[in-house]
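First to last, the sequence lines map onto chains B and X.
When we follow UniProt numbering, the leftmost residue of the first sequence carries the number 1, and every step to the right adds one.
When we follow UniProt numbering, the leftmost residue of the second sequence carries the number 1, and every step to the right adds one.
We put the CB at the ideal spot given by N, CA and C, even for glycine.
Structure record follows, encoded as structure tokens.
Number of protein chains: 2
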Amino acid sequence: MKTAAMTHLDGPSVPRRDRFAACIIRNPVSSVLPRGESDRQRSYHKRQKSLTNGSSRARTSNTKSRQIESFAALPPGSVSPAKRQIKEVKETKATINCVTFPLPGEGPEQQLLKPDEWSYCDYFWADKKDPQGATSLPGFEVLLQKQLKGKQMQKEMSEFIHERTKIEEEYAKNLSKLSLSPLAAQEEGTLGEAWTQLKKSLHDEAEVHLKFANKLHTEVEKPLLTFRGDHFKKDLKKYDHHMADLRKQLASRFASVEKARKALADRQKDLEVKTQQLEVKLSNKTEEDIKKARRKSTQAGDDLMRCVDLYNQTQSKWFEEMVTASMELEKLEVERIEWIQQHLRQYTTLRHETDMFNQSTVEPVDQLLQNVDPSKDRELWVKENKTGEVRPVDMDI
Amino acid sequence: MKTAAMTHLDGPSVPRRDRFAACIIRNPVSSVLPRGESDRQRSYHKRQKSLTNGSSRARTSNTKSRQIESFAALPPGSVSPAKRQIKEVKETKATINCVTFPLPGEGPEQQLLKPDEWSYCDYFWADKKDPQGATSLPGFEVLLQKQLKGKQMQKEMSEFIHERTKIEEEYAKNLSKLSLSPLAAQEEGTLGEAWTQLKKSLHDEAEVHLKFANKLHTEVEKPLLTFRGDHFKKDLKKYDHHMADLRKQLASRFASVEKARKALADRQKDLEVKTQQLEVKLSNKTEEDIKKARRKSTQAGDDLMRCVDLYNQTQSKWFEEMVTASMELEKLEVERIEWIQQHLRQYTTLRHETDMFNQSTVEPVDQLLQNVDPSKDRELWVKENKTGEVRPVDMDI
Numbered sequence: 001m002k003t004a005a006m007t008h009l010d011g012p013s014v015p016r017r018d019r020f021a022a023c024i025i026r027n028p029v030s031s032v033l034p035r036g037e038s039d040r041q042r043s044y045h046k047r048q049k050s051l052t053n054g055s056s057r058a059r060t061s062n063t064k065s066r067q068i069e070s071f072a073a074l075p076p077g078s079v080s081p082a083k084r085q086i087k088e089v090k091e092t093k094a095t096i097n098c099v100t101f102p103l104p105g106e107g108p109e110q111q112l113l114k115p116d117e118w119s120y121c122d123y124f125w126a127d128k129k130d131p132q133g134a135t136s137l138p139g140f141e142v143l144l145q146k147q148l149k150g151k152q153m154q155k156e157m158s159e160f161i162h163e164r165t166k167i168e169e170e171y172a173k174n175l176s177k178l179s180l181s182p183l184a185a186q187e188e189g190t191l192g193e194a195w196t197q198l199k200k201s202l203h204d205e206a207e208v209h210l211k212f213a214n215k216l217h218t219e220v221e222k223p224l225l226t227f228r229g230d231h232f233k234k235d236l237k238k239y240d241h242h243m244a245d246l247r248k249q250l251a252s253r254f255a256s257v258e259k260a261r262k263a264l265a266d267r268q269k270d271l272e273v274k275t276q277q278l279e280v281k282l283s284n285k286t287e288e289d290i291k292k293a294r295r296k297s298t299q300a301g302d303d304l305m306r307c308v309d310l311y312n313q314t315q316s317k318w319f320e321e322m323v324t325a326s327m328e329l330e331k332l333e334v335e336r337i338e339w340i341q342q343h344l345r346q347y348t349t350l351r352h353e354t355d356m357f358n359q360s361t362v363e364p365v366d367q368l369l370q371n372v373d374p375s376k377d378r379e380l381w382v383k384e385n386k387t388g389e390v391r392p393v394d395m396d397i
Numbered sequence: 001m002k003t004a005a006m007t008h009l010d011g012p013s014v015p016r017r018d019r020f021a022a023c024i025i026r027n028p029v030s031s032v033l034p035r036g037e038s039d040r041q042r043s044y045h046k047r048q049k050s051l052t053n054g055s056s057r058a059r060t061s062n063t064k065s066r067q068i069e070s071f072a073a074l075p076p077g078s079v080s081p082a083k084r085q086i087k088e089v090k091e092t093k094a095t096i097n098c099v100t101f102p103l104p105g106e107g108p109e110q111q112l113l114k115p116d117e118w119s120y121c122d123y124f125w126a127d128k129k130d131p132q133g134a135t136s137l138p139g140f141e142v143l144l145q146k147q148l149k150g151k152q153m154q155k156e157m158s159e160f161i162h163e164r165t166k167i168e169e170e171y172a173k174n175l176s177k178l179s180l181s182p183l184a185a186q187e188e189g190t191l192g193e194a195w196t197q198l199k200k201s202l203h204d205e206a207e208v209h210l211k212f213a214n215k216l217h218t219e220v221e222k223p224l225l226t227f228r229g230d231h232f233k234k235d236l237k238k239y240d241h242h243m244a245d246l247r248k249q250l251a252s253r254f255a256s257v258e259k260a261r262k263a264l265a266d267r268q269k270d271l272e273v274k275t276q277q278l279e280v281k282l283s284n285k286t287e288e289d290i291k292k293a294r295r296k297s298t299q300a301g302d303d304l305m306r307c308v309d310l311y312n313q314t315q316s317k318w319f320e321e322m323v324t325a326s327m328e329l330e331k332l333e334v335e336r337i338e339w340i341q342q343h344l345r346q347y348t349t350l351r352h353e354t355d356m357f358n359q360s361t362v363e364p365v366d367q368l369l370q371n372v373d374p375s376k377d378r379e380l381w382v383k384e385n386k387t388g389e390v391r392p393v394d395m396d397i
């Protein structure tokens with residue numbers, strides 16, 4: 001069930017049902033997939049006919065009838081070939097946590113829906129056992145938790161970048177403060193100019209690092225923090241509930257199957273007992289009673305078939321939703337990784353830039369140092385500080 | 001006076017006297033320079049001869065004799081042409097703080113000892129007046145204070161660099177600490193690797209800045225602090241005392257001249273009075289008395305000449321030492337400027353290096369970010385976390 005809020009999660013515009021259909025088409029393994037709608041319906045009608053047409057009871061010889069008749073006719077304790085066959089058929093599948101799987105080595109080989117892609121839709125069918133206790137986690141939950149963890153990761157990365165910006169701001173502040181120092185401010189001339197520029201260059205460096213910090217904040221930290229926003233978790237929750245609901249429905253259907261199965265067993269037992277009693281004239285039961293018992297048995301069989309059918313429908317629905325939802329999560333994860341990659345690259349770009357700008361702050365210092373000229377400085381200083389050019393002469397008498 | 005300790009101050013190996021001689025030779029202006037030793041001696045002997053040869057008194061007509069005779073013979077009050085001449089000669093020079101200079105516009109034009117060089121030896125002959133009070137500072141002191149200030153400058157520059165190293169160490173410490181952060185450590189796969197390297201790169205940056213700090217300390221800060229060491233100030237002090245002593249000697253010589261001048265004036269006055277008295281027969285003074293007075297007068301004249309001679313010798317000595325010492329200080333200043341220039345260039349070299357090394361810490365991060373592969377990461381994660389590949393199948397009756 002896709003809500004309007006989830007539309008942003010749409011991948012390439014392939015409608016959900018078609019994607020499922022595409023899976024099926026790519027893998028024509030209808031014998032192992034829950035049968036498509038049309039198959040189910042056909043099968044159901046067939047069964048219905050065989051059961052309600054009393055007169056054709058003797059005639060019908062399809063497997064189902066045979067199975068049911070054998071439920072009715074066998075003497076207690078005996079095992080008919082048909083029953084044996086049913087027992088064997090049952091043991092090729094197992095229902096775990098209300099989901100029905102083929103047992104290992106049983107049934108036709110299953111091909112991956114998306115071979116060589118390690119796709120989420122291929123690997124998360126079973127529930128994950130909790131090593132400690134009895135609880136287990138649906139495969140879908142594992143996928144969902146990964147997405148939630150991913151959100152946590154981007155938040156932590158953002159925090160890391162934030163810490164970096166703080167370090168840069170501190171560094172810039174210290175450099176700026178030192179650049180204002182009056183140390184050796186009295187140095188004059190070309191040397192004094194070079195020294196003044198050297199001090200100033202610290203302020204230029206500070207500016208570079210401050211700029212770095214600001215860009216880190218706006219181009220890396222903030223985006224990492226706000227990517228996917230708050231609605232993301234809510235959307236994930238919707239997926240969560242949707243899939244959980246389907247599992248609950250499936251569990252409910254399964255419970256009905258179990259109940260119907262038991263009811264049928266009870267009816268069959270009752271019929272068996274009554275038939276035996278008639279044969280040994282142990283009771284005053286009439287053939288009428290047996291017919292009634294037989295009818296109830298048949299009904300129970302019908303009920304069971306209906307329950308199994310409903311169960312299978314629900315399981316198919318869950319299957320379809322699982323494929324869709326897991327593909328969505330897969331896409332989200334690809335997008336998350338690519339988005340983070342892009343923004344971390346922005347980080348390294350800013351680092352490169354910063355080092356280059358920093359280099360350029362040294363150039364004017366180099367230039368002035370090259371111009372340092374002791375002769376020029378002497379001229380400047382002497383002009384400023386000379387006391388007298390006239391040289392002493394001999395005193396006369 | 002050059003002590004052994006000062007030998008490190010030696011410039012190009014031109015002996016002191018020769019450098020002085022070189023000044024003289026370049027500027028053949030012996031009429032304005034204190035006369036050379038040989039000149040002084042010749043002049044002195046000449047004067048001696050004229051004064052002790054009594055019989056030639058009448059014959060001698062050199063300026064000096066004429067001057068002295070005129071001291072003896074003139075009637076009081078009258079002004080002879082010779083005396084007038086002496087008065088005029090005296091007014092072409094002035095003695096300020098015991099140093100004798102030609103008055104402005106008087107005497108031959110003085111050429112700079114080292115033209116176009118703004119050399120210390122040309123511009124610090126007079127004392128510097130203290131604008132506030134009556135004291136004055138010898139020109140040499142101004143030069144010396146500049147050197148002491150230079151030492152202070154290098155100390156302050158060293159302190160500045162020290163502050164820079166502290167800032168770098170702090171920055172490195174912060175980066176290193178952050179690089180150990182566990183933030184987003186749970187990110188896996190290729191993205192996790194890139195993130196891990198990004199965090200590590202902060203530690204690499206920290207190493208670069210720590211290295212910068214250490215090199216700043218050993219290659220710039222420490223040398224700036226220890227350049228010329230403690231002995232430098234002591235050596236400057238020696239220069240200081242040496243020149244101060246010479247000035248004291250000069251002052252002492254000048255005092256003697258003044259004293260001799262006064263004594264001569266007294267003798268002349270006495271002779272004059274006695275001669276007058278003889279002429280008007282005012283007293284019983286005999287010619288013998290006059291002869292005695294005349295002799296004393298002559299002696300006083302001799303004394304004065306000797307004092308003036310000694311004064312001029314001392315002034316010459318001071319002159320010579322001034323040229324030498326100021327040239328030394330000039331050389332020291334050139335060396336100081338060049339040495340500082342060299343070490344500040346080392347600073348900029350280290351800055352360049354640091355930015356380059358810093359750039360290189362980003363490269364491995366770039367590389368790993370380029371390798372980020374969502375498909376690979378999915379494969380890795382799915383292999384690790386899959387719950388089951390077997391797909392569900394329809395339940396059978």
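query                                                                                                           : result
Coarse secondary structure for T361/B, derived from DSSP in three states                                        : coil
Alpha carbon of R295/B to alpha carbon of T314/B, nearest angstrom                                              : 29 Å
Close beta carbons around R228/X, own chain, < 7 Å, minus the five adjacent residues each side                  : K151
Contact belief for R164/X with L178/B at Cβ below 8 Å, rounded distance in angstroms                            : 7 Å
Beta carbon proximity, Y239/X to chain D, threshold 8 Å                                                         : Of the protein chains in this structure, namely B and X, none is chain D.
Cβ-Cβ distance between I397/B and M322/X below 8 Å                                                              : no
Outcome for V365/X when other beta-carbon atoms lying within 10 angstroms are tallied against a minimum of 16   : buried
Buried or exposed (CB count within 10 angstroms, at least 16 for buried), Q197/B                                : buried
Interface flag, G388/B vs chain X, CB-CB below 8 Å                                                              : yes
Supposed contact pair M157/X and I337/X - C-beta distance, whole angstroms, cut 8 Å                             : Contact flag wrong, Cβ pair sits at about 12 Å.
Chain-ordered neighbours of E170/B on chain X, where CB pairs are closer than 8 Å                               : E170, Y171 and N174
Element boundaries [beta strand (DSSP E), containing T95/B]                                                     : K93 to I96
For P102/B, the first and last residue of its enclosing beta strand (DSSP E)                                    : V99 to P102
Boundaries (first-last residue) of the alpha helix (DSSP H) holding K274/B                                      : H231 to E279
Under 7 Å (Cβ pairs) to chain B, residues found in the segment 351-370 of chain X                               : R351, H352, D355, N358, Q359, V362, V365, D366 and L369
Exposure label - M327/B; buried when at least 16 CB within 10 Å                                                 : buried
Extent of the continuous alpha helix (DSSP H) run through K376/X                                                : P374 to N385
For G388/B, the three-state DSSP class (helix, strand or coil)                                                  : strand
M395/X - DSSP class collapsed to helix/strand/coil                                                              : coil
Reduced DSSP category for F319/B - H, G, I as helix; E, B as strand; rest coil                                  : helix
Test: W339/X CB closer than 8 Å to a CB of chain B                                                              : no
Residue from S375/X, N385/X, H209/X and F319/X whose Cα sits closest to the Cα of L191/X                        : S375/X
Three-state secondary structure assigned by DSSP to S179/B                                                      : helix
Beta-carbon proximity of K155/X to L225/X, cut-off 8 Å                                                          : yes
S158/X, DSSP secondary structure in three states                                                                : helix
Residue range of the alpha helix (DSSP H) that includes W195/X                                                  : G189 to L216
The segment 376-390 of chain X / the segment 381-390 of chain B touching (three or more Cβ pairs under 8 Å)     : no
Beta-carbon spacing of F232/X, Y311/X below 8 Å                                                                 : no
Contacting residues, own chain, Cβ-Cβ under 7 Å from F212/B (five flanking each side not counted)               : E168, L350 and T354
Other residues of its chain near K234/X: CB distance less than 7 Å, five sequence neighbours each side excluded : none
Interface residues of chain X facing G133/B [CB-CB closer than 7 Å]                                             : Correct list: empty, because the minimum Cβ distance to chain X is about 17 Å.
Alpha-carbon spacing of A300/B relative to L264/B, whole angstroms                                              : 5 Å
Alpha-carbon to alpha-carbon, V220/X and F160/B                                                                 : 35 Å
For Q147/X and E193/B, the rounded distance between their alpha carbons                                         : 19 Å
Nearest-angstrom Cβ-Cβ length linking T361/X and V208/X, presumed shorter than 8 Å                              : 6 Å
Contacts that V372/X makes with chain B (C-beta to C-beta distance below 7 Å)                                   : I337 and Q341
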